[in-house]
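Written out below as structure tokens is the structure these notes cover.
In the working numbering, the protein residues as written are 1 to 939.
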């Protein structure tokens, strides 16, 4: 909707004359106001009321026209609006003449602010014949600030009011009233004659009756109170008559108010809490529901409520246990106890007993097999409270007869009895305790009404027990106990002390027995714990307390073992507690001890029970006295060989055995021992110098004696240029001059000590230098050094890089990512530990220089997978099949190409320059058959 100013401007510009209406408002209240204007056109009219700050969404109201011009049209926005008016809110008012096709605003008024909310919670107190007090709640925080409150009181169509001194008051005493008169009382907030709040709602109704007198309270039960009173005196004043009474009580349980219709002056308050004090008032009421003055307050307490949840529990032939819950309600009087009453269903008088209130309580002195009706009430110093709801309970039948005891053993006996009321019994319980003091023992129950039971729990041997029997009618109703019968258990069972000397097909059982003096023999019973067949029994010939079990046993099997003592051929004790014994698996068998060096050897074995084995242990000790040595274990049961390489001395004899494990604590017998004697450690070469163009003088020191198993029989000196098979010479002692050598040539030299145990480990190789230095760098295997030792054997493998070098040839085994087209040979990262043992075995069988070098490398790693070892596939193929690549004839082009590519790779990795002759020599060091020098130049 356009604002008025904009519409008027538009109309003026269009040359239209607008006749304005005179709009006014009056009686501005909380939720209403009145709008008036002069009707000069006849209407109809539309009023729009727009809330300030809320936009243009109006409250519409349409009224008809047609009134005289001199008579204003009046619209009360409390009774006619489409929308609701809110208290304490600003509004703008617009009037439209709908008879005008232009539908322009003819008048407006604003802003207008409504009055605050009406007072609330109006209460009438202190009613008297001519006055009363009025109280209310109100917050005077509106835009329209109130100046006072007015209490309006109406009777017979006449409304009067009395005002407060200002707007801060929240109560007012109204005086000058007429006795015995009905009044309707409301409160409004007042600013002026034009602005005031709505009236409080609903109106408070009051009658100016005087107060009832002589109010009397009489508790009639735990939940009710009888009330009586005298009617107010009616004299003079108004015409209101008493039409009933309003009874109020506190605490306000069950609403706290009750209206009594009529002129009766007594009534009963019900639905109250038990044992609770109440304050009660009475006021007269008129036919117009006006409430008069309150009587004086009177107080009284309800009686004690009835106990709840009365329940019968366990019973015997002469007793019934009962439980209950205390009465609900307050504590106006203290409960001092309870009174129980029970009556037999068969007739006869009731019996009464008191109790202090502890629950459960046992009612005793009853007849057997009889039903009783039971009730209970709480007691106080002033009497008993309400009786509980009845509950029934039945005593048990009479006790069984004294039992008889047979089949007595050290931990059991059979109890048998008779019972005159067996037909009414569902089950029996046998109780047994030490006859000496009533302690120990226990109880066992039958599953039905059978009259015998084997007692076999919680019994001590050679002990006297007092045994009684009880009959049950239900799970909670039992008879008195029978007369007791004494029973003495037999002597105790033996106790297994140990199961030792466990082998694959035997074990030794040993036991103790406190009653051995009365025993004639023993029997050992054993059976597989897994079920099935097997096992058996063996007996001693006398009262000895151990027995070797050696029949019908399976290896690697768990047996449950017990021992029984015999007093005679037909009388035996209880079985001992079972002891578990697991026979060991069969022992492994050592197949061989190979790869014997000065500080290691390889043990290989077979085992018929490998499937049940978790791991193996190899034990080795000095064969001379069993000392020294040690043990090494496999990781699991898949390995049937183990390289022993810790705590070994050179030149020492060892006794080697293998044990299989079923678990961490159960191991087989040891295999038969195999002897293994380590060889001598390598001698130490002290010098290797060229004494002429064709000789080298070699000196060395002897290796340590070690364990002294053997003496040195001599030495073997080996030398080679590397491109030919080594030459050897057996000598007795150092020094030795190597003859017939080529001039200006480098040799690899080694020395080993010989004994009856075999050749010892070779010393580190040394070499001589050439007479002139190379101008270009060559591979490490062919570089000459001036009077220095040449690195090539096991002691130097600690720096070998398994991640970058082929452990067969020793050269680079890294993938060339810069030149992938040059990777003509295959590189493999080790994925299985199997290659380790296979290669070690091949080293032993080949027993050449390359094999010893590879063996030294492997022994420095032990675990190729963890070391991430790499190798060339052609190198592995040549190493595992040496005969194939050393047979006469021409080498295939693929084999030559492989050696050519390996040499190229070495040259590229080193980033060095080589002459064709140097490159060709390097290929010859890598293999036996290579391209010719001319073909190399072409390639």
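Where is the CB? At the ideal position from N, CA and C, for every residue including glycine. None of the values given here were measured: they were computed from a predicted structure.
The three-state reading of DSSP puts residue 855 in helix, counting H, G and I together. Only residues of its own chain outside the window of five on either side were considered, and among them 693, 694 have a CB closer than 7 angstroms to the CB of residue 743, listed in chain order. At the C-beta level, residue 674 and residue 656 come within 8 angstroms of one another. Excluding residues up to 5 positions away in sequence, 604 lie with their Cβ nearer than 7 angstroms to the Cβ of residue 592 in the same chain.
According to the DSSP assignment, residue 219 belongs to the beta strand (DSSP E) that extends over 213–221. Residue 524 places its beta carbon 8 angstroms or farther from that of residue 502.
With a cut-off of 8 angstroms on Cβ pairs, the stretch 527–545 is not in contact with the stretch 605–623, counting fewer than three such pairs. Around the beta-carbon of residue 916, fewer than 16 other beta-carbon atoms lie within 10 Å, marking it exposed. Going by DSSP, residue 879 is part of the alpha helix (DSSP H) stretching over 873–880. For residue 389, there is no enclosing beta strand (DSSP E), as DSSP gives it neither H nor E. Looking at 705, 195, 759, the one whose alpha-carbon comes closest to that of residue 34 is 195.
Apart from sequence neighbours up to five positions away, the residues of its chain that approach residue 240 with a beta-carbon distance below 6 angstroms are 180, 181, 182, 207, 286, ordered along the chain. Contact between residue 493 and residue 512 does not hold, since the beta-carbon distance rounds to 11 angstroms and is not under 8 angstroms. With a threshold of 16 other beta carbon atoms within 10 Å, residue 176 falls short and is exposed. Leaving aside the five residues that flank residue 321 on each side, the residues in its chain whose CB is nearer than 6 angstroms to its CB run, in chain order, 313, 314, 360, 362. Boundaries of the beta strand (DSSP E) around residue 159: 158–163. Listed in chain order, the non-local C-beta contacts of residue 420 below 7 angstroms within the same chain comprise 398, local neighbours out to five positions each way being set aside. For residue 521, the uninterrupted beta strand (DSSP E) segment begins and ends at 521–528. Around the CB of residue 145, fewer than 16 other CB atoms lie within 10 Å, so the residue is classed as exposed.
The stretch 402–421 makes contact with the stretch 445–454: 3 or more CB pairs, one atom from each, lie closer than 8 angstroms. For residue 290, same chain residues with a beta-carbon under 6 angstroms away, outside a window of 5 residues either side, are 182, 205, 206, 207 in chain order.
Sixteen is the threshold: when 16 or more other Cβ atoms of the shown chains lie within 10 Å of the Cβ of residue 366, as they do, the residue is buried.
Annotation note: the stretch 661–721 contains the following uninterrupted beta strand (DSSP E) runs of length 3 or greater, listed N- to C-terminal: 674–677, 684–692, 695–701, 714–720.
Between residue 324 and residue 373, the C-beta spacing is not below 8 angstroms.
Rounded to the nearest whole angstrom, the CA to CA distance from residue 735 to residue 680 is 19 angstroms. Assigned with DSSP and collapsed to three states, residue 595 falls in coil, not helix or strand. Comparing C-alpha distances from residue 867 to each of 858, 873, 874, 875 shows the shortest one belongs to 858. Between the stretch 643–658 and the stretch 706–715 there are three or more C-beta pairs closer than 8 angstroms, enough to call the two in contact. The beta carbon of residue 257 lies closer than 6 angstroms to those of 248 in the same chain, with the five residues before and after it left out.
For residue 701, same chain residues with a beta-carbon under 8 angstroms away, outside a window of 5 residues either side, are 683, 684, 686, 734 in chain order. Taken through DSSP and simplified to helix, strand or coil, residue 334 comes out as coil. Fewer than three Cβ pairs drawn from the stretch 801–812 and the stretch 558–569 lie within less than 8 angstroms of each other, which leaves the two stretches out of contact.
Counting only the Cα atoms, residue 845 lies some 19 angstroms from residue 718. Shown here, residue 191 sits in coil according to DSSP, grouped into three states, outside any helix or strand. Boundaries of the beta strand (DSSP E) harbouring residue 454: 452–455, taken from the DSSP string.
In this structure, the alpha-carbon of residue 638 lies about 32 angstroms from that of residue 551.
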